[in-house]
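Protein chains in written order, with our numbering: chain A, 1 to 111; chain B, 1001 to 1111.
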DNA sequence: GTTGGTACTGACAAATTTGTCAGTAAAGGG
DNA sequence: CCCTTTACTGACAAATTTGTCAGTACCAAC
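Here it is in structure tokens:
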């Protein structure tokens, strides 16, 4: 039985990573840290993601209290996602992660 | 075809996370940030990990230049892993991740 | 000569995650 | 009527990651 990172773990590193665990969650949060976005807008801004995966991840992030989903009951529907107050506590962490990533993305393998 | 996080991605968040991508890598690095350790010592310090997974992750981290493997050619063998100079650049990032994790691990679900 | 301890491999099974594809709803326009 | 748009579901296939299990090598001690 595979032990997924989603299970509760003693390790605080795992606790944090489990929140971003998912192929596209880091990127989604990164995009949303610039401000609220509509579903389709978000999808178009992330190359390679499929609508299915985007929605699955969005739902998990909403369930975990990281994102807020606001829906205008119009036709066609208009749904906007934004980072919750709780999710905002993650942003500085993402910034540090992002800074490391930017600094090392081209250098991979040169060690 | 599933797109693994290990592939090169434009997103710097993904670049960083791909280095820690693996069920136990964050924890392994966290343990080693306290100082070099032998394989078995590391295994005993991480509840739930199997020897197989530990070794697989260690090998990947060595391959990626994050860890250094030092072997004393004795019998029985004695192998010690430590964080490389390059890997050290990750430690501050792990610290921030860990701090968030510690602060929020019991509060999960309370939002 | 059998056992013990350490680090590690290979083959394979199980679990999990991701991706694909075909729908649904609902109002408005043609 | 049929088609469009937007957000979303369900069922299922494919890929990937994890876990299990049985070995290997080596020398020393018993």
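Using N, Cα and C, we set each Cβ at its ideal position, and we do this for glycine too.
Next item on the list: Under 8 Å Cβ to Cβ from residue 1103/B, same chain only, skipping five residues before and after it: list those, please.
Entry: To locate residue 1103/B, count along the second chain from 1; it is residue 103. Nothing listed; no residue qualifies.
Next item on the list: Could you check if residue 1040/B is buried or exposed, using at least 16 other CB atoms within 10 Å of its CB as the buried criterion?
Entry: Working through the second chain from its first residue, we reach residue 1040/B at position 40. Exposed, since its Cβ has fewer than 16 Cβ neighbours within 10 Å.
Margin query: Tell me the rounded alpha-carbon separation between residue 25/A and residue 57/A.
Written below: If you number the first chain from 1, residue 25/A lands on position 25. If you number the first chain from 1, residue 57/A lands on position 57. When rounded, the distance between both Cα atoms is 6 Å.
Margin query: Classify residue 1023/B: buried if its beta carbon has 16 or more other beta carbons within 10 angstroms, exposed otherwise.
Written below: Against the second chain, residue 1023/B aligns to sequence position 23. Residue 1023/B comes out buried.
Next item on the list: Look up residue 1078/B in the DSSP assignment and give the residues it is bridged to.
Entry: Translated into positions along the second chain, residue 1078/B becomes position 78. Answer by DSSP bridge pairing, in chain order: 1072/B.
Notebook entry, point to check: Where do the ends of the alpha helix (DSSP H) carrying residue 14/A lie?
Noted result: As a working note, residue 14/A is residue 14 in the first chain. 12-19 is the extent of the alpha helix (DSSP H) around residue 14/A.
Next item on the list: Could you tell me how far apart the beta carbons of residue 82/A and residue 32/A are, in whole angstroms, since I believe they sit closer than 8 Å?
Entry: Walking along the first chain from the start, residue 82/A turns up at place 82. Walking along the first chain from the start, residue 32/A turns up at place 32. About 7 Å; that satisfies the 8 Å criterion.
Margin query: Strictly below 7 Å CB to CB, what residues from chain B border residue 105/A?
Written below: Mapped onto the first chain, residue 105/A falls at position 105. Near residue 105/A (Cβ distances below 7 Å), the residues of chain B are 1012 and 1015.
Notebook entry, point to check: Which residues mark the beginning and the end of the alpha helix (DSSP H) in which residue 1045/B is found?
Noted result: Within the second chain, numbered from 1, the residue matching residue 1045/B stands at position 45. Counting along the chain, the alpha helix (DSSP H) containing residue 1045/B begins and ends at 1039-1045.
Next item on the list: Identify the contact partners of residue 1058/B in chain A, using a Cβ-Cβ distance below 9 Å as the criterion.
Entry: The sequence position of residue 1058/B within the second chain is 58, counting from 1. What residue 1058/B touches in chain A: nothing, since even the nearest Cβ is about 16 Å away.
Item checked: Simplified DSSP assignment, three categories, for residue 1090/B -> Along the second chain, one-based indexing puts residue 1090/B at 90. Correct three-state label for residue 1090/B: coil.
Check: If you draw a straight line from the C-alpha of residue 177/A to the C-alpha of residue 21/A, how long is it?
Finding: Only positions 1 to 111 of chain A appear in the structure, and residue 177/A is not among them; the question remains open.
Margin query: Applying the 10 Å Cβ sphere with the 16-neighbour rule, what's the burial state of residue 1075/B?
Written below: Taking the second chain and counting its residues from 1, one reaches residue 1075/B at position 75. That one is exposed.
Checklist line | Closer than 8 Å to chain B by CB, residue 90/A | finding: For this step, residue 90/A is matched to residue 90 along the first chain. Residue 90/A counts as touching chain B.
Next item on the list: Can you pull the chain B residues whose beta carbon is under 7 Å from the beta carbon of residue 23/A, in chain order?
Entry: As a first step, residue 23/A must be located in the first chain, where it is residue number 23. Here the neighbours are 1003 and 1005.
Check: What three-state label does DSSP hand residue 66/A in the structure shown?
Finding: Numbered from 1 along the first chain, position 66 holds the residue referred to as residue 66/A. It is coil, neither helix nor strand.
Notebook entry, point to check: With 8 Å set as the bound, which would you pick, yes or no: does the beta-carbon of residue 70/A sit closer than that to a beta-carbon of chain B?
Noted result: Sequence index remark: in the first chain, residue 70/A carries index 70 (1-based). It does not; no Cβ of chain B falls within 8 Å.
Checklist line | residue 76/A Cβ short of 7 Å to the ligand ZN heavy atom set | finding: Absence of the ligand ZN is noted for the structure shown, with no ligands found whatsoever.
Next item on the list: Quick one: list the residues of chain B neighbouring residue 42/A, beta-carbon separation under 8 Å, in chain order.
Entry: Along the first chain, read from residue 1 onward, the residue named residue 42/A stands at position 42. What residue 42/A touches in chain B: nothing, since even the nearest Cβ is about 13 Å away.
Checklist line | Inter-residue spacing [alpha-carbon to alpha-carbon] between residue 44/A and residue 17/A | finding: For this step, residue 44/A is matched to residue 44 along the first chain. For this step, residue 17/A is matched to residue 17 along the first chain. Their backbone Cα atoms lie some 25 Å apart in a straight line.
Check: Is residue 100/A closer than 8 Å to residue 1003/B when the C-beta atoms are compared?
Finding: Your numbering for residue 1003/B matches position 3 in the second chain. Your numbering for residue 100/A matches position 100 in the first chain. Cβ atoms of residue 1003/B and residue 100/A: not closer than 8 Å.
Margin query: Mapping the DSSP letters down to three states, classify residue 49/A as helix, strand or coil.
Written below: In the first chain, residue 49/A corresponds to position 49, counting from 1. In this structure, residue 49/A counts as coil in the three-state DSSP scheme.
Checklist line | Own chain, CB closer than 8 Å to residue 86/A, minus 5 neighbours either side, in chain order | finding: As a working mapping, residue 86/A is identified with position 86 in the first chain. Contacts found: 65 and 66.
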